[in-house]
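Peer 1:
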Amino acid sequence: MTAENYNGGKPGSRRFRFNVKTVRTKLLLAALVPFLAILTLFISTLYLLGEINQGVGRIYQQRIVPTQSLKVIADNYAVRVIDAVNKANAGIFSAEQALRQIKQAQELIAENWSGYLASGLSGREAELAEEANVLFARANRAIADIEHKLTGFVNKASGRVEGKLDAIDGPLYTDIDPISDKISELIQLQLELAGQERESIDLWYRESVVAYIVGGIIILVLLLALRLMISRSVILPLNTLRSTMEKIARHSDLTVKTGITSRDEIGAMAAAFDAMLQKISCLIVEITAATEQIATAAEEMSVVSTQACDNTRHQQTQTGQATSAIRDMSVSVQQVCQHATDTNEASVHANSQAQNGYLVVQQTVSGIDELAAIVQQASEAVYKVEQDTQNIGVVLEVIKGIADQINLLALNAAIEAARAGDSGRGFAVVANEVRDLAQKTQQSTEEIQQVIERLQFGSQYVVKIMKKGEVSARESAGQAQQTSQALTGISQSVAKITRMNGQIAIVARQQSQVSDDINEHISLINDLTGETSRGAEQIEQASLDLSRLACDLRAMVNLFKVS
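Per my numbering, the sequence shown starts with residue 3, numbered consecutively.
1) Quick check on Asp266: does DSSP put it in helix, strand or coil?
2) DSSP on Glu132, reduced to helix/strand/coil?
3) Helix, strand or coil for Ser495? Go by DSSP, reduced to three states.
4) Give me, in chain order, the residues of the same chain whose beta-carbon lies closer than 7 Å to that of Gln340; leave out the 5 immediate sequence neighbours on both sides.
5) Rounded to a whole number of angstroms, what is the C-alpha to C-alpha distance between Asn241 and Ala251?
6) For the structure I just gave you, are there three or more beta carbon pairs, one from the segment 179 to 198 and one from the segment 124 to 135, closer than 8 Å?
7) When we look at the beta-carbon of Ser486 and count the other beta-carbons within 10 Å, is it buried (16 or more) or exposed?
8) Glu209 to Glu199, Cα distance in whole Å?
9) To the nearest angstrom, how far is it from the Cα of Asp392 to the Cα of Glu448?
10) What are the start and end residues of the alpha helix (DSSP H) that includes Thr69?
11) Helix, strand or coil: which one does DSSP assign to Ala112?
12) Please report the straight-line C-alpha distance between Pro239 and Leu222, rounded to a whole angstrom.
13) Using the C-alpha atoms, what's the distance from Ile219 back to Leu600?
14) Below 8 Å on the Cβ atoms is my guess for Ile104 versus Ala86; work out the distance and round it to an integer in Å.
15) What do you reckon, are the CB atoms on Ala297 and Ser545 nearer than 7 Å?
16) Using a Cβ-Cβ cut-off of 7 Å (strictly less than) and excluding sequence neighbours within five positions of Ala159, which residues of its own chain qualify?
17) Over the uninterrupted alpha helix (DSSP H) stretch that includes Val87, give me the two end residues.
18) Does the distance from the C-beta atom of Thr246 to that of Val236 stay below 7 Å?
19) Around the Cβ of Ile61, are there at least 16 other Cβ atoms within 10 angstroms (buried) or fewer (exposed)?
20) According to DSSP, is Phe95 part of a helix, a strand, or is it coil?
21) Taking C-beta to C-beta, are Ala112 and Val83 nearer than 7 Å?
22) In whole angstroms, what separates the C-alpha of Ser525 from that of Thr325?
23) Report the CB separation of Leu72 from Leu188 in whole angstroms; it is logged as a contact under 8 Å.
24) Let me make sure I understand the geometry here. Which of Leu119, Ala39 and Arg102 has the alpha-carbon closest to that of Arg65?
25) Measure from the alpha carbon of Thr293 to the alpha carbon of each residue in Ala416, Lys466, Arg550 and Thr534, then state which is nearest.
26) Would you report the Cα separation of Gln295 and Met278, rounded to the nearest angstrom?
27) Determine the DSSP secondary structure at Ala159, reduced to helix, strand or coil.
28) How is Gly261 classed by DSSP in three states: helix, strand or coil?
29) Of the choices Val67, Arg315 and Ala272, whose alpha-carbon is the least far from that of Leu193?
30) Give the DSSP-derived three-state secondary structure of Ser525 in the structure shown.
31) Glu201 to Arg126, Cα distance in whole Å?
32) In its own chain, which residues sit with a C-beta less than 7 Å from the C-beta of Glu542, not counting the 5 before and 5 after it?
33) If I measure Cβ to Cβ from Ala144 and keep anything under 6 Å in the same chain, skipping five residues before and after, which residues do I get?
34) Compare the C-alpha of Ala80 against each of Lys402, Gln378, Tyr207 and Phe138 and name the closest.
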C-alpha cells in the first residue's frame, strides 16, 4: 500500500490510494483478509480446544483410571479376601465358597495391578510401586496359606470351617493393612499429579486467551486500516464520477471530463464515460445538421403527400363506379345461373318421369306377356276339359247300354219268377230291385249326359274366347313394346337436354364466381385506395408534424454545449 498522485478532477491534488490494479481485487482482498483472520482464529481455537481435550484425556487416562485400578486392588484385599475368611470362619461361607471368592479377588488384583504398571509411571510412582510389590508378595504368601487350608477343608466330607480359622484371621490383617496404606499413598500421588496437570492446562489456557486478545486487536486494527484504504480507493473516484455526471445534467455541458486516471475498473469506466461524452458531442453536431435536412425534406414530403391524396381520391371515385357496374353484372349472371339451374332441375324431373314411364311400360309388357302365356295355358286346359267331357260321354253311353241290359235281364228274371210261382217269389223280389236300380242308373246317366253336354258347350265357348284373348294380349304386348321404345327415345333426349342444362348451369355459376371475384377485387382495390388516401392524409399530417419536430429538435440540440 503506497500513496500515489490521484487526480480526482482537481489538478495537483494528492490522494492516498491503495496500490491495487482492479476494484475486483480490492473487494476480493477486503473479503479475503477478514476470512483468513477468522480462519486463523478458528484454527487456533480448535488447536487450543484440542490441547485442553488432550490434557483432560491425560488426566483421565493417566490419573483417574489408575486411581480406579488402585481402589479396586485395595477393595479386593481389604474387603473380598478378608471378608471371605471372616464369613468362612463364621460359618456363613463354606470352604469352597471362600476359596472361590479369594481366587476371584486375586485375579482382579493381578489384572488391575498389571494395568496400572502399564500406564506409564513417574519416578515417585515407580518407587511406591516397588514398595507395594514387596507388600503384595508377603500378603500373597499369607493368602496362599489360607488357600491351602481351605483346600484341605474342601477335600473333607463336610467342607465346613466354622471357628477353625481364628489362628490366621488376626495375622492376615497384619499382612493386608500395610497394602491399603501403600495404595492410599499411590492414590494421593495420582491426585497430586492430576492437580499438576490441571495447573498446566490452566496456564496454557490463560496464555492462549491473552494471545487471542492481542491477536484479535491486531487483526481488528489491520481490518479497519484495510477497509479505510479500500474505501478511499473506491469511494473517492465514484464521488468524482458522480459530481461530473451531476454537472453535465445541470448545465448540459458535454465538454466536461472526469479527470480520473486510475487503472482499475472505475478508471476504465471513467475513460469510457469521457469517450461516450465525446461521441455524444459529435452526435449532437451531426443531429443538428441532420435536423436541417429533415425540416427541408418534411416540407417537400408535405407537398408530395398532398398531390398523392388528391390522386387517390380520384382513383377511389373511379373504382366505386366500376364496383357498381360489376355488381350489376354479377346480379344478371346470378339470374342466368338461377334460370339455368331451374331448367336443369325441370329437365331432370322430366327425365325421371320418362324413366318411370319406361319402367311402367316394361312392367306392362311383361304383365301382358305373362297374361298371354296364362291365357294360352288356360285355353289348353279348357280344350283338354272338352276332350275329357267327350270321353265321359262315351263312357256314359257304355253305362247306358249296361243299364238297358240289366233292365232286360231283370224283366226276364221277373218273367221266370212268375212262371215259377211261389218258389220263385224271392227271386222276383230281387229282380224287381235290380230293375229299379237299372232304371235309376239309366235316369242318372241321362242327367249326367245333359250336364256333360252343357259342359262341352261351355268349354267350346271358353276355348273360342281364350283364343281371342290370346290374340288381343299379343297385340297389346306389341303395342306396349312400341310405347317402351318411344319412351326410351324420349328419355335419351331429356337426358341430353339435362346434360346441356347442367353444363349451362356450371358455366353460369363459373361466370357468377368470376363476377364475384372481380367485384371482390374491385372492392379490395377501392378499400386499398381508401386506405391509401387516408395514408396520404396521414403522411401529409406526419410531414407537418415532422417539420415541427425538426424545429423542436433543433431547439433542444442547441441546449447542449459541444465546443
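All C-beta atoms in this analysis are idealised placements derived from N, C-alpha and C, irrespective of residue type, glycine included.
Here the structure is a predicted model, which is why all the values come from computation and not from measurement.
Peer 2: Judging by the given coordinates:
1) coil
2) helix
3) helix
4) none
5) 15 Å
6) yes
7) buried
8) 15 Å
9) Note that residue 392 is Gln in the sequence shown here, rather than Asp. The alpha-carbon atoms of Gln392 and Glu448 are separated by roughly 15 Å.
10) Val67 to Asp77
11) helix
12) 26 Å
13) Since the displayed the chain opens at 3 and closes at 565, residue 600 lies outside it and no answer follows.
14) 5 Å
15) no
16) Per-residue confidence for Ala159 stands at a pLDDT of 48, beneath the threshold of 50, marking its modelled position as unreliable; the derived number appears in the next sentence. Nothing meets the Cβ criterion.
17) Ile84 to Asn91
18) no
19) buried
20) coil
21) no
22) 6 Å
23) 5 Å
24) Leu119
25) Arg550
26) 25 Å
27) For Ala159, the pLDDT reaches just 48, beneath the cut-off of 50, and the residue's location in the model is therefore unreliable, although a value from the coordinates is still provided. Of the three classes helix, strand and coil, the one that applies to Ala159 here is coil, per DSSP.
28) coil
29) Val67
30) helix
31) 19 Å
32) Ser304, Ser307, Thr308 and Cys311
33) Leu174 and Asp177
34) Phe138
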